[in-house]
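K.L.:
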Amino acid sequence: MVRQGYRPNGADPWPGGARPSCTIYAVISAALVHDWFVANARDLPWRRPGTTPWGVLVSEFMLQQTPVARVAPVWEQWIAEWPRPSALAATSRADVLRAWGKLGYPRRALRLHEAAAAIATRHGDVVPSDVAELEALPGVGTYTARAVAAFAYGRRCPVVDTNVRRVVARAVHGAGDAGPARVKADLADVDALLPQDDATAAVVSAGLMELGALVCTARSPRCGVCPIQAECAWLANGKPEYQGPRRPVQTFAGTDRQVRGRLLDVLRAADAPVPREALDAVWDDAAQRDRCLLALLEDGLAEQTDDGLFTLPA
DNA sequence: CACGCGTGGGT
DNA sequence: TACCCAAGCGT
Numbered sequence: 001m002v003r004q005g006y007r008p009n010g011a012d013p014w015p016g017g018a019r020p021s022c023t024i025y026a027v028i029s030a031a032l033v034h035d036w037f038v039a040n041a042r043d044l045p046w047r048r049p050g051t052t053p054w055g056v057l058v059s060e061f062m063l064q065q066t067p068v069a070r071v072a073p074v075w076e077q078w079i080a081e082w083p084r085p086s087a088l089a090a091t092s093r094a095d096v097l098r099a100w101g102k103l104g105y106p107r108r109a110l111r112l113h114e115a116a117a118a119i120a121t122r123h124g125d126v127v128p129s130d131v132a133e134l135e136a137l138p139g140v141g142t143y144t145a146r147a148v149a150a151f152a153y154g155r156r157c158p159v160v161d162t163n164v165r166r167v168v169a170r171a172v173h174g175a176g177d178a179g180p181a182r183v184k185a186d187l188a189d190v191d192a193l194l195p196q197d198d199a200t201a202a203v204v205s206a207g208l209m210e211l212g213a214l215v216c217t218a219r220s221p222r223c224g225v226c227p228i229q230a231e232c233a234w235l236a237n238g239k240p241e242y243q244g245p246r247r248p249v250q251t252f253a254g255t256d257r258q259v260r261g262r263l264l265d266v267l268r269a270a271d272a273p274v275p276r277e278a279l280d281a282v283w284d285d286a287a288q289r290d291r292c293l294l295a296l297l298e299d300g301l302a303e304q305t306d307d308g309l310f311t312l313p314a
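Structure below.
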């Protein structure tokens, strides 16, 4: 139901004077999201019956900032090769980084490797279902912990990612898009609309994400096929454009990230330690190149052998 | 909390 | 073509 001036949770979704002129808020029906998801969910590999909590955890690591289409084939290989945390933990970091391939942000691969070791040694090779225990694992933050609790263990748990934040910002708050993250308030917003039953709530959590990924998209939302269009505060407000501050789009060309990527690409492709000259060839600016190589060594993404050659970490 | 961290596809 | 963006995390 769309209402004037109604605020779920009483929280101010636009702190700091960024409040848009709209005054319409809405309560959206979890049942509609639930039924839409059951009918429209993508057939993703990690949603197949038989996927273990470990499989879910691996998918969530890979999906941190990497699109579904690129993750899917790599996930299949990882689960086939390392079906349990202990199997991954027994693998060298070099092999893990090579298997990570070009998913990006390779520090995630190291953290997943560390998390696997922690699960193997401290949790009996079983991925924890408790949010606090999950958050204690390296590379597992607010989102990933709750995603595993919900999707791997079917628990009622607010799962807030960029998709869900956008759906809530629009459908509930009537804004064009989500502003800067407000973790506590975002979790409370979603918690307020989840049904009580664990299994049903978990499906709704997946449905909210799927809705944001497929229908309530950032660029061209397909409101005409949206299951909650009749309740959507953004539609009721006339789809106002987002007014608040936007995080500046990160540049890439010329940044350390690009240089690190090129250096690491050389190390991944090499089947033996490489001399300095092989790395020097990928970037002209020597100072930047050296800084990046040093950073890779410090991050544990590269190592130097006794005879001065460079490799992926053992 | 704002920022840095890879990569490549869509528009 | 240049942007814009994609299931975040750690510091």
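Going by UniProt numbering, the first sequence wraps up at 314, each residue one higher than the last.
Ideal placement from N, C-alpha and C gives every residue a C-beta, glycine not left out.
In this text the structure is predicted, and so the values were computed from the model without any measurement.
Considering only the beta carbon of each residue, do A69 and E210 sit closer than 7 Å?
P.N.:
Not closer than 7 Å, so no.
K.L.:
When you compare the CB positions of V38 and L208, do they come within less than 7 Å of one another, or not?
P.N.:
Going by C-beta atoms, V38 is not nearer than 7 Å to L208.
K.L.:
Strictly by DSSP, which residues pair up with F310?
P.N.:
Note: F310 sits in a beta bridge opposite V274 and Q304.
K.L.:
Could you tell me the alpha carbon to alpha carbon distance between A99 and R260, rounded to whole angstroms?
P.N.:
Cα to Cα, A99 sits roughly 18 Å from R260.
K.L.:
Under 8 Å Cβ to Cβ from L63, same chain only, skipping five residues before and after it: list those, please.
P.N.:
V71, listed in sequence order.
K.L.:
Let me confirm a value: A149 is counted as buried when at least 16 other C-beta atoms fall within 10 Å, else exposed. Which label applies?
P.N.:
By the neighbour-count rule (16 or more Cβ atoms within 10 Å), A149 is buried.
K.L.:
Could you spell out where the alpha helix (DSSP H) holding A89 opens and where it closes?
P.N.:
Here the alpha helix (DSSP H) through A89 covers P85 to A89.
K.L.:
Judging by CA-CA distance, which residue of V183, L187, C157 and R166 is the nearest neighbour of R198?
P.N.:
Sequence inspection shows Asp at residue 198; the Arg mentioned does not correspond to that position. Ranking V183, L187, C157 and R166 by Cα distance to D198 puts C157 first.
K.L.:
With DSSP collapsed to three states, give me the class of I119.
P.N.:
I119: helix per DSSP, three-state reduction.
K.L.:
Along the alpha helix (DSSP H) that carries F151, what are the first and last residues, could you check?
P.N.:
Note, F151: alpha helix (DSSP H), T142 to F151.
K.L.:
Any heavy atom of the ligand HEM closer than 6 Å to the beta-carbon of V56?
P.N.:
No copy of the ligand HEM appears in this structure; indeed no ligand is present at all.
K.L.:
Which class does K102 belong to by DSSP, given the choice of helix, strand or coil?
P.N.:
Here K102 sits in coil by DSSP.
K.L.:
Kindly list the residues whose CB is nearer than 7 Å to the CB of L309, restricted to its own chain and excluding five residues on each side of it in sequence; keep chain order.
P.N.:
These residues qualify, in order along the chain: P273, V274 and P275.
K.L.:
On the three-state DSSP scale, how would you describe P45?
P.N.:
Reduced to three states, the DSSP call for P45 is helix.
K.L.:
Per DSSP, what kind of secondary structure is P245 in: helix, strand or coil?
P.N.:
The answer is coil: DSSP assigns P245 none of H, G, I, E or B.
K.L.:
Could you spell out the range, first to last residue, of the alpha helix (DSSP H) harbouring P73?
P.N.:
That run of the alpha helix (DSSP H) goes V68 to E81.
K.L.:
Let me check understanding here. Comparing Cα to Cα, which of A236, E60, D307 and L301 lies closest to V159?
P.N.:
When only C-alpha atoms are compared, the closest one is E60.
K.L.:
For D265, does the count of other Cβ atoms within 10 angstroms reach 16, so buried, or fall short, so exposed?
P.N.:
Result: exposed.
K.L.:
Please check the pair V58 and W78, which I expect to be a contact at CB under 8 Å, by giving their CB distance rounded to whole angstroms.
P.N.:
Sure, about 6 Å apart at Cβ, within 8 Å.
K.L.:
Let me make sure I understand the geometry here. Which of L103, R122, V190 and C216 has the alpha-carbon closest to that of P67?
P.N.:
Cα-wise, what sits closest to P67 is L103.
K.L.:
Confirm, please, whether the CB-CB distance from S129 to Y153 is below 7 Å.
P.N.:
It is a contact, given that the beta carbons lie within the stated cut-off.
K.L.:
Going along the chain, which residues of its own chain have a beta-carbon closer than 6 Å to the beta-carbon of L312, five neighbours each way excluded?
P.N.:
So the qualifying residues of the chain are A94, L97 and L267.
K.L.:
Rounded to whole angstroms, what's the CA-CA distance from A236 to A206? Just pull it up for me.
P.N.:
Distance between the alpha carbons of A236 and A206 is about 25 Å.
K.L.:
Where does T200 fall in DSSP's three states?
P.N.:
In the structure shown, T200 sits in a helix (DSSP, three-state: H, G or I).
K.L.:
Check whether the segment 279-293 and the segment 249-260 touch, using three or more Cβ-Cβ pairs below 8 Å as the test.
P.N.:
Counting Cβ pairs under 8 Å, three or more are found: they touch.
K.L.:
Excluding five sequence neighbours on each side, which residues of the same chain lie with their C-beta closer than 8 Å to the C-beta of S29?
P.N.:
Around S29: I228 and E231.
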